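> The structure is given below, and queries will be raised subsequently.
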Amino acid sequence: MAGQLDKAAIEKAYARWAPFYDFVFGPIFERGRKAAIGAAERIGGRILEVGVGTGLSLPEYRWTNRITGIDLSMPMLRKAKARAREHRLTNVDGLAVMDAQHLGFQDGAFDVVVGLYVITVVPDPEATLDEFARVLRPGGEIILLNHIGGEEGPRAALERAFAPLARRLGWQPDFPYERLVAWAARRDGIRLIDRRPMPPLGHFSLIRFGRGTT
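FYI, in my numbering the residues of the sequence shown are 4 to 217.
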């Protein structure tokens, strides 16, 4: 696919972000992060957070949930592990370096799969979503929180112009919502439940998919 992100470039980009990621993005994304965690906890149980990063979300989950986190970036994951130790998060079952497109878990292993700001920073979003669906149990939910590209007007034009540089920084600003809709339509047993605008500026969306029980 033209303009597709490169895995090595993503790893390098997030290694550079790791030392100051919390300072820059923690406050900006706090409301969206809390909303996604709240959505995940309506299902609860075994929760997989893909792209756990520095683990900002980990202390915010209730202790009744069992959390597993993965990330492609070892520098980011080191900070997540330090946070889990600092907060004594005994409900965190594991934090591991792993490729979101090749999850090392059994089918149906989780009640919820959460992807915070991850679907636009993977080389193949559809393959990644296929893996989310594979490891999700029937009746579970996929929770995405992500920037979604503008559909028309000046914002859409700006994002398209910025896209080549953004890909070198590790993300796709012009990612269209229609790709998520089309993916769900092709997947047996997956349905789109909800899409809600999120701060900052409503350019982000909280998107929920459910997996049927039959």
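The beta-carbon is built from N, C-alpha and C at its ideal position, and this holds for glycine as well.
In this text, all values refer to a predicted model and were calculated from it rather than measured experimentally.
Less than 7 Å between the C-beta atoms of residue 216 and residue 141, yes or no?
Mapped onto the sequence shown, residue 216 falls at position 213. Mapped onto the sequence shown, residue 141 falls at position 138. Cβ distance < 7 Å, so residue 216 and residue 141 count as in contact.
> When the Cα atoms are used, what is the spatial distance from residue 56 to residue 73?
For the purposes of this step, residue 56 is taken as residue 53 along the sequence shown, with counting starting at 1. For the purposes of this step, residue 73 is taken as residue 70 along the sequence shown, with counting starting at 1. Each residue's alpha carbon lies about 8 Å from the other.
> Using the rule of at least 16 other Cβ atoms within 10 Å of the residue's Cβ for burial, across every protein chain shown, is residue 86 buried or exposed?
In the sequence shown, residue 86 corresponds to position 83, counting from 1. That one is buried.
> Helix, strand or coil for residue 91? Go by DSSP, reduced to three states.
Mapped onto the sequence shown, residue 91 falls at position 88. Reduced to three states, the DSSP call for residue 91 is coil.
> Whose CA, out of 120, 106, 189, 33, lies closest to the CA of residue 210?
Taking the sequence shown and counting its residues from 1, one reaches residue 210 at position 207. Of 120, 106, 189, 33, the residue nearest in Cα terms is 120.
> According to DSSP, simplified to helix, strand and coil, what is residue 34?
Taking the sequence shown and counting its residues from 1, the one referred to as residue 34 is at position 31. In the structure shown, residue 34 sits in a helix (DSSP, three-state: H, G or I).
> Where does residue 213 land, buried or exposed, given buried means 16+ other C-beta within 10 angstroms?
As a first step, residue 213 must be located in the sequence shown, where it is residue number 210. Buried, since its Cβ has 16 or more Cβ neighbours within 10 Å.
> Residue 132: buried (16+ other C-beta within 10 angstroms of its C-beta) or exposed?
On the sequence shown, position 129 is the one that residue 132 refers to. By the neighbour-count rule (16 or more Cβ atoms within 10 Å), residue 132 is buried.
> Tell whether a beta-carbon distance below 7 Å holds between residue 83 and residue 98.
As a first step, residue 83 is located in the sequence shown; it is residue number 80 there, counting from the start. As a first step, residue 98 is located in the sequence shown; it is residue number 95 there, counting from the start. In this structure, residue 98 lies closer than 7 Å to residue 83 by Cβ.
> Per DSSP, which one or two residues make a beta bridge with residue 76?
As a working mapping, residue 76 is identified with position 73 in the sequence shown. According to DSSP, which records beta bridges pairwise, residue 76 is partnered with nothing at all.
> Checking 7 Å against the spacing of the C-beta atoms, do residue 103 and residue 138 come in under that value?
Within the sequence shown, residue 103 is the residue found at index 100, counting from 1. Within the sequence shown, residue 138 is the residue found at index 135, counting from 1. Not closer than 7 Å, so no.
> Once the 5 residues before and after residue 1 are set aside, which same chain residues still bring their CB inside 6 Å of it?
Only positions 4 to 217 of the chain appear in the structure, and residue 1 is not among them; the question remains open.
> For residue 110, which residues of its own chain have a beta-carbon under 6 Å away from its beta-carbon, when the five flanking residues on both sides are left out?
Along the sequence shown, one-based indexing puts residue 110 at 107. If we look at residue 110 and ignore the five residues flanking it on each side, its Cβ neighbours are 137.
> So, at 6 Å on beta carbons, what are the nonlocal neighbours of residue 47 in its own chain, with the 5 sequence-adjacent residues on each side left out?
For the purposes of this step, residue 47 is taken as residue 44 along the sequence shown, with counting starting at 1. These residues qualify, in order along the chain: 68.
> Output needed for residue 36: all residues of its chain with C-beta closer than 8 Å, excluding positions within five of it in sequence on either side, in chain order.
Taking the sequence shown and counting its residues from 1, the one referred to as residue 36 is at position 33. 59, 60, 63, 119, 148.
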